[in-house]
Amino acid sequence: MPLVRIDIPADTPPQTIRHVADLVHKAMVGALNIPIADRFQTISRRMRDELVCTEDFLGITHTQAIVLIQITLAPRPTELKKALFSAIASEIEHHTPFKAQDVIINLIEAPRENWSFGNGIAQFA
Amino acid sequence: MPLVRIDIPADTPPQTIRHVADLVHKAMVGALNIPIADRFQTISRRMRDELVCTEDFLGITHTQAIVLIQITLAPRPTELKKALFSAIASEIEHHTPFKAQDVIINLIEAPRENWSFGNGIAQFA
Amino acid sequence: MPLVRIDIPADTPPQTIRHVADLVHKAMVGALNIPIADRFQTISRRMRDELVCTEDFLGITHTQAIVLIQITLAPRPTELKKALFSAIASEIEHHTPFKAQDVIINLIEAPRENWSFGNGIAQFA
């Protein structure tokens with residue numbers, strides 16, 4: 001059910017982009033226990049001037065190699081959201097050249113009735 | 126008032142893209158009774174690796190020719206949202222090469238005071 | 251904390267795009283009193299057929315030179331949201347070729363626990 005929008009520098013190699021997308025999905029399956037088949041993602045390749053990120057906020061320093069992830073999903077308790085953040089950043093840091101400090105995540109919560117997965121039906125309403 | 130974001134394969138002919146955008150708007154006018162002039166849409170042409178969709182979820186099989194539609198709109202009752210999903214998928218299936226099963230829709234609800242349609246004024250606050 | 255998504259015509263000069271992004275941030279700092287360092291923005295350059303805007307809605311006439319701004323932010327009172335709309339449109343009108351009537355803004359509110367600014371931590375949860 002979640003819709004994942006990933007903004008990533010345009011000069012990232014395609015295989016790395018795919019890897020990031022796979023890892024975000026893996027983290028979501030692990031932390032939120034969503035079905036593996038529940039995968040809907042968009043990737044936006046951004047030129048340097050299309051992805052603007054503070055150099056330093058809350059004591060966290062950012063490079064130019066940012067991954068910005070905005071996820072629209074059904075409401076979740078705070079603890080699960082924390083687990084999701086941790087899992088996404090950890091997977092990306094351990095398996096790609098991106099650093100955990102450069103993984104920025106925002107969640108938008110929308111109720112289950114707000115989704116149609118095909119055929120014009122609200123499958124969870 | 127709704128803001129409609131359409132993600133569509135980059136190899137879709139421009140006239141088909143325009144048609145999809147027109148049909149989504151037609152469905153919104155019909156199902157939600159919004160004014161015809163209330164139209165704000167973005168189109169994101171996505172390369173193959175920029176639009177990731179499960180092959181099969183909830184018994185619905187997807188091709189590579191997905192139309193992903195995310196709509197931010199004022200809150201609506203469930204029945205209207207169901208009618209909107211149905212109208213969008215039906216219009217697209219009947220008038221374009223896309224299949225109803227490949228029309229994925231998500232709604233984000235935001236109150237009317239969260240919009241400015243120009244001149245820096247919250248016209249509905 | 252806000253995530254700002256700016257959609258702008260692709261033929262806008264890069265320095266004007268940068269200026270718009272800077273002005274939106276300046277307006278947010280001024281109207282919402284967010285830290286200057288709290289800046290996260292994406293810019294989507296849109297071809298003519300990728301940014302669809304009504305020609306006339308609510309008595310406001312639009313040109314083809316639209317700036318569409320969607321901001322995900324922590325909840326704010328109505329008066330602050332009105333001040334934000336006003337500040338953004340005013341800054342853009344006074345310092346760029348875009349007209350205030352062509353500045354379209356939508357806000358999505360998400361609680362503070364829905365953000366991670368790096369390292370997989372929900373800094374405000």
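Going down the list, the protein sequences come from chains G, D and V.
Taken in order, the first sequence gives residues 1 to 125; the numbers are from this note's numbering.
Taken in order, the second sequence gives residues 126 to 250; the numbers are from this note's numbering.
Taken in order, the third sequence gives residues 251 to 375; the numbers are from this note's numbering.
Using N, Cα and C, we set each Cβ at its ideal position, and we do this for glycine too.
Minimum C-alpha distance to residue 349 of chain V - residue among V/358, V/309 and V/314: V/314
Kindly provide the ranges of any alpha helix (DSSP H) runs that are 4 or more residues long and lie completely inside the stretch 300-374 of chain V, ordered along the chain. Qualifying alpha helix (DSSP H) stretches, in chain order: 328-345.
Could you check which residue in G/109, G/12 and G/79 has the C-alpha nearest to that of residue 370 of chain V? Checked all of G/109, G/12 and G/79; the closest Cα to residue 370 of chain V is G/79.
Kindly indicate if chain V contains any beta-carbon less than 8 Å away from that of residue 195 of chain D. Under the Cβ criterion of 8 Å, residue 195 of chain D is not counted among the residues facing chain V.
Report the partner residues of residue 254 of chain V according to the DSSP bridge assignment. V/291 and V/321
Taking residue 42 of chain G as the reference, which of D/166, D/171, D/167 and D/127 has the closest Cα? It is D/171.
Just the chain D side, please: which residues come within less than 7 Å of residue 288 of chain V by C-beta, in chain order? None at all; the shortest Cβ gap to chain D is about 20 Å.
Compare the C-beta of residue 291 of chain V with all C-beta atoms of chain D and state if any pair is closer than 8 Å. no
Mind checking which residues open and close the alpha helix (DSSP H) that includes residue 137 of chain D? No alpha helix (DSSP H) holds residue 137 of chain D; DSSP gives it neither H nor E.
Alpha carbon to alpha carbon, how far is residue 51 of chain G from residue 24 of chain G? Give it in angstroms, no decimals. Near 19 Å, if we compare the C-alpha coordinates of residue 51 of chain G and residue 24 of chain G.
Mark residue 54 of chain G as exposed unless 16 or more other C-beta atoms lie within 10 angstroms of its C-beta, in which case mark it buried. buried
Quick one: Cα of residue 153 of chain D to Cα of residue 310 of chain V, how far? 21 Å
If contact means a Cβ-Cβ distance below 7 Å, which residues of the stretch 205-225 of chain D contact chain V? Within the stretch 205-225 of chain D, no residue qualifies.
Contact defined as beta carbons within less than 8 Å: I believe residue 282 of chain V pairs with residue 334 of chain V. What is the distance between those atoms, to the nearest angstrom? 6 Å
How big is the Cα-Cα spacing for residue 218 of chain D and residue 187 of chain D? 14 Å
Please report the distance separating the alpha-carbon of residue 231 of chain D from that of residue 30 of chain G. 23 Å
Residues in the stretch 7-39 of chain G with C-beta within 7 Å of chain V's C-beta atoms, listed in sequence order? 7
Check the Cβ of residue 122 of chain G against every Cβ in chain D and list those closer than 7 Å, keeping chain order. 206, 207 and 210
Nearest-angstrom Cβ-Cβ length linking residue 111 of chain G and residue 74 of chain G, presumed shorter than 8 Å: 7 Å
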